[in-house]
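Protein sequences, first through last, are from chains A and B.
Following my numbering, the numbering of the first sequence begins with 1 at its first residue and continues without gaps.
Following my numbering, the numbering of the second sequence begins with 1001 at its first residue and continues without gaps.
For every residue, glycine included, the Cβ atom is placed at its ideal position computed from N, Cα and C.
Computed from a predicted model, the values in this text were never measured in an experiment.
A short worksheet on the structure shown next.
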Amino acid sequence: MPDAARTAGKNPFVALLAEYNKFLFPVSLIILMFGIGQAITGGFSSPANINNILTISCVVAVATFAQSFVIMAGDGGIDLSVGSIMSMSALLVPAVTAGEMSRLPVAIVLVLALAAVFGAANAAGVLIVGIPSLVMTFIMASAVDGFSLSFTRGQPTGLLPEVLLALGRPAFFGIRWILVITVVIAVIAELFLRRTRTGKQIFLVGSNRNAACLCGIGVNRIVFIAYIMSACLAALGGILLVGYSGSSILKMANGYTMLSVPAAVIGGVNLAGGEGNMFSGFLGAIIFTLLSNLLIAVGIPNGVRILIQGAALLFILVMYARDAKLRQ
Amino acid sequence: MSFMNLLDRIRRLPQLPVLVLFIVFLIWNAVMVKGFASPASLREFLNLMVPLGCLTIGVSMVLVTGGMDMSVGANVCLVNVIIITLMGRKYGFTFAQATCVGLLAALGVGLLNGIVIGYLRVNALLATFATQSVAQGCALWVMPLPGGRGSRALISWFKTGNLFGVLPNCALFLIIPLTVWYLLKWTPFGVWLYAVGRDEQKAFLSGGRTRLIKLCAYVFSALMAWAASVAFLGNIGSGDPNVGMSLTLSAIASTVIGGVSLSGGEGDALGALLGAFFFSLITYTVFGANLSAFHQDLATGLIILMGVVGMTLFRTFRKSRPKSREAAPGESHA
């Protein structure tokens, strides 16, 4: 952001380049991976398969948006309850709607309200009690998992209304509804961050809490909003997931928690806070989905696939996300 | 006066809150949970919590340097499957030989962590998350499905044997590392360990070999993951590529409950170990409360949440009654 702001006054073209610079690395990585995929198995970069990969990356992308909000609010904030809240919403929506269209709004409001309560509890624990974010949200994750288990009594029930099942069907030109909705969520979240006062304050609070406090920003209020937004976005992600997959099981989305953090970082969210945007988060999510699809397409066993994913992440981190030297 | 001084020193111990939690839940369990207070049951409790205890001792050293180790659980899995696979018919190693190979693998993961975080300056949370995938991938590669058989001699030595007829053998897995930790704490290495955690920049400018200190902390943590894995084999005696995955975050949570600050430079292994005892006691408490199985996870989560909230509030309360300590601006958000 500072680079873009500094150059903005001089030349609109330079400003545009500075803005694109952030997307350069993820986009070139994605193109590279599609190229490798095409070279190994023909048809990997066909329009149909690209569409499939984009569709699969949608749920990861929404989890990444959720994670980005808390990370951007700074102070080492991280939300490990994203996956558990997604699972909870994926379990609750079918149980409440029982396949009836008329109950869907109630179900969505209920799930979002519950998520907001959990998000607010996270923020309260971090801000008021002073528990480190990592620990607070991790414990919250196990409490939310416990809540899901005790609510469903171990047997997920219910049916999905037609509208949610339609998420996996094409909207136009073969592009599925889930992708359309994810892009809409990304645009709304991005507009919220860039165009509203609260959104801009999230960046300020993230880059320097003391300065934000001295500017008269209600730091606590902003951090509360970031955690609540994160939990609500996670709940939306859960709804998308259950609509796309058609059924739910316990802890079905818990794996997304630890996927969302590196996806956000590769997408350019600064772990120290105050920097990031939704579209790069989407790119980060696509990179991770693409990598795992590429490895499946090559046909390597599960263990080696996880090994290569870890090694690739480590490589990207070493190349891309190193801290400043101590000797300056 | 000296008595008051002693009281004051006790009041300032970072391990005090978790000690109180531990004692309260120990008494609660002894009274409320039928059969908990018998020697056999206590021994079994000790046996089962040793792996988590080992991990917390290792993780606490990393957290003291201001780092984070998400790879310990996967490291436990890796060592577990390596030992079991090498002891199988195909390779026919003895238990001792297989354990040595497992030790090398664990140290390899620790070195990788230390180099990437200490020397290449990658964020510790993300780097160890990546090495977690690497270690777990290796574990699943070596042994895709649970199976195999460990050493029976180890199980009987670990679960029922006593040293000098009194000290349970499994306690050695906690006492030896704890002793090493405290010996290290009083050497220059220990001083630098805390210095790096308090302020890495200042430690570096004071001539500390901060990168090497960090590397050593991660290697120690990996070493404790190896010990935890051996303790697992003493308990269950078979191979499973996912055996330790759930332990990672439990170990970190217990360490923080035990008074080790996530921002570094505070707390030590004894508090972390007490945190692990508390974490394990909760399972018994909830189990003994005759709740339906479906509600047990929720109850466990809520009790741990209350424990952490209570402990953190207690620490804040204690810190807010200083003798002379000016409040830094904006510290309420820090």
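Between residue i and chain A, is there a C-beta pair that is closer than 8 Å?
| i | result |
| --- | --- |
| asparagine 1123(B) | yes |
| valine 1256(B) | yes |
| proline 1144(B) | yes |
| threonine 1131(B) | yes |
| phenylalanine 1204(B) | yes |
| tryptophan 1141(B) | yes |
| leucine 1013(B) | no |
| aspartate 1407(B) | Residue coverage of chain B in this structure runs from 1001 to 1334, which leaves residue 1407(B) outside it and unanswerable. |
| leucine 1313(B) | yes |
| valine 1309(B) | yes |
| glutamate 1200(B) | yes |
| histidine 1333(B) | Low confidence applies here, because histidine 1333(B) scores a pLDDT of 42, under 50, leaving its location unreliable and the question unanswered by this model. |
| leucine 1184(B) | no |
| leucine 1249(B) | yes |
| arginine 1325(B) | Here the model assigns arginine 1325(B) a pLDDT of 41, short of 50, so the residue's position is not dependable, and the following value carries that caveat. With 8 Å as the cut-off, arginine 1325(B) does not count as an interface residue toward chain A. |
| threonine 1285(B) | no |
| threonine 1065(B) | no |
Report yes if the C-beta distance between residue i and residue j is below 8 Å; otherwise report no.
| i | j | result |
| --- | --- | --- |
| leucine 80(A) | leucine 149(A) | no |
| asparagine 1080(B) | glycine 1244(B) | yes |
| aspartate 75(A) | glycine 274(A) | no |
| valine 1072(B) | threonine 1283(B) | no |
| phenylalanine 329(A) | leucine 259(A) | Not covered by the structure: residue 329(A). The range shown for chain A is 1 to 328. |
| glycine 1271(B) | glycine 1259(B) | yes |
| serine 89(A) | valine 111(A) | yes |
| phenylalanine 1377(B) | leucine 1274(B) | In the structure as shown, chain B starts at 1001 and stops at 1334, and residue 1377(B) therefore has no counterpart that could be examined. |
| alanine 1253(B) | valine 126(A) | no |
| leucine 1262(B) | leucine 1103(B) | no |
| leucine 160(A) | glycine 246(A) | yes |
| proline 1241(B) | leucine 1140(B) | yes |
| valine 1308(B) | glutamine 1296(B) | no |
| leucine 1052(B) | serine 1221(B) | no |
State the CB to CB distance for the pair residue i and residue j, rounded to an integer number of angstroms; the pair is presumed to be in contact (CB under 8 Å).
| i | j | result |
| --- | --- | --- |
| glycine 119(A) | isoleucine 228(A) | 4 Å |
| glycine 1067(B) | leucine 1215(B) | Contact flag wrong, Cβ pair sits at about 11 Å. |
| glycine 1137(B) | glycine 303(A) | 5 Å |
| valine 129(A) | threonine 1312(B) | 5 Å |
| glycine 267(A) | glycine 255(A) | Not really, about 18 Å apart at Cβ, beyond 8 Å. |
| threonine 1131(B) | leucine 314(A) | 7 Å |
Please compile the residues from chain A whose C-beta is within a distance smaller than 7 Å of the C-beta of residue i.
| i | result |
| --- | --- |
| phenylalanine 1294(B) | Leu149, Ser150, Arg153 and Gly154 |
| leucine 1055(B) | Within 7 Å Cβ-Cβ: nothing; leucine 1055(B) doesn't reach chain A, min ~15 Å. |
| alanine 1253(B) | Val135, Phe138 and Ile139 |
Determine the chain B residues that contact residue i at a beta-carbon separation under 9 Å, and present them in chain order.
| i | result |
| --- | --- |
| leucine 271(A) | Asn1123, Leu1125 and Leu1126 |
| arginine 176(A) | Within chain B, no residue comes near arginine 176(A); the closest Cβ sits about 29 Å away, beyond 9 Å. |
| arginine 322(A) | Leu1120, Arg1121, Val1122 and Asn1123 |
Give the interface partners of residue i over in chain D, defined as CB-CB distance under 7 Å, in chain order.
| i | result |
| --- | --- |
| isoleucine 1084(B) | Of the protein chains in this structure, namely A and B, none is chain D. |
Taking 8 Å as the CB-CB limit, is residue i close to chain B?
| i | result |
| --- | --- |
| valine 265(A) | yes |
| asparagine 293(A) | no |
| aspartate 79(A) | no |
| glycine 130(A) | yes |
| proline 26(A) | no |
| asparagine 314(A) | Checking the sequence shown, residue 314(A) turns out to be leucine, not asparagine. Yes, contact with chain B. |
| isoleucine 222(A) | no |
| valine 261(A) | yes |
| glycine 125(A) | yes |
| arginine 169(A) | no |
Can you pull the chain B residues whose beta carbon is under 7 Å from the beta carbon of residue i, in chain order?
| i | result |
| --- | --- |
| glutamine 309(A) | Ser1133 |
| phenylalanine 258(A) | The residue you asked about is not phenylalanine; residue 258(A) is methionine in the sequence shown. What methionine 258(A) touches in chain B: Phe1129. |
What residue range does the alpha helix (DSSP H) around residue i cover?
| i | result |
| --- | --- |
| proline 1188(B) | 1188–1198 |
| alanine 1153(B) | 1152–1159 |
| phenylalanine 1003(B) | 1002–1011 |
| methionine 136(A) | 133–152 |
| glutamate 162(A) | 162–165 |
| phenylalanine 1220(B) | 1210–1235 |
| leucine 1281(B) | 1269–1288 |
If the cut is a Cβ gap below 8 Å, which residues of chain B does residue i touch?
| i | result |
| --- | --- |
| arginine 302(A) | In the sequence as displayed, the identity of residue 302(A) is asparagine instead of arginine. In chain order: Leu1140 and Pro1144. |
| valine 318(A) | Val1116, Leu1120 and Val1122 |
Please list, in chain order, the chain A residues whose beta carbon lies closer than 9 Å to that of residue i.
| i | result |
| --- | --- |
| isoleucine 1304(B) | Ile139, Ser142 and Ala143 |
| glycine 1301(B) | Ile139, Met140, Ala141, Ser142, Ala143, Val144, Asp145, Gly146 and Phe147 |
| glycine 1137(B) | Asn302, Gly303, Val304, Arg305, Ile306, Leu307, Ile308, Gln309, Gly310 and Ala311 |
| leucine 1262(B) | Gly76, Pro132, Ser133, Leu134 and Val135 |
Beta strand (DSSP E) containing residue i: first to last residue?
| i | result |
| --- | --- |
| proline 1051(B) | No beta strand (DSSP E) holds proline 1051(B); the alpha helix (DSSP H) holding it covers 1039–1064. |
| alanine 171(A) | 170–172 |
List, in order along the chain, the chain A residues whose C-beta lies closer than 8 Å to that of residue i?
| i | result |
| --- | --- |
| valine 1059(B) | Per Cβ cutoff of 8 Å: no residues; valine 1059(B) is ~12 Å from chain A at best. |
| valine 1230(B) | The contacting residues do not exist; valine 1230(B) stays about 22 Å from chain A at best. |
| threonine 1210(B) | Leu326 |
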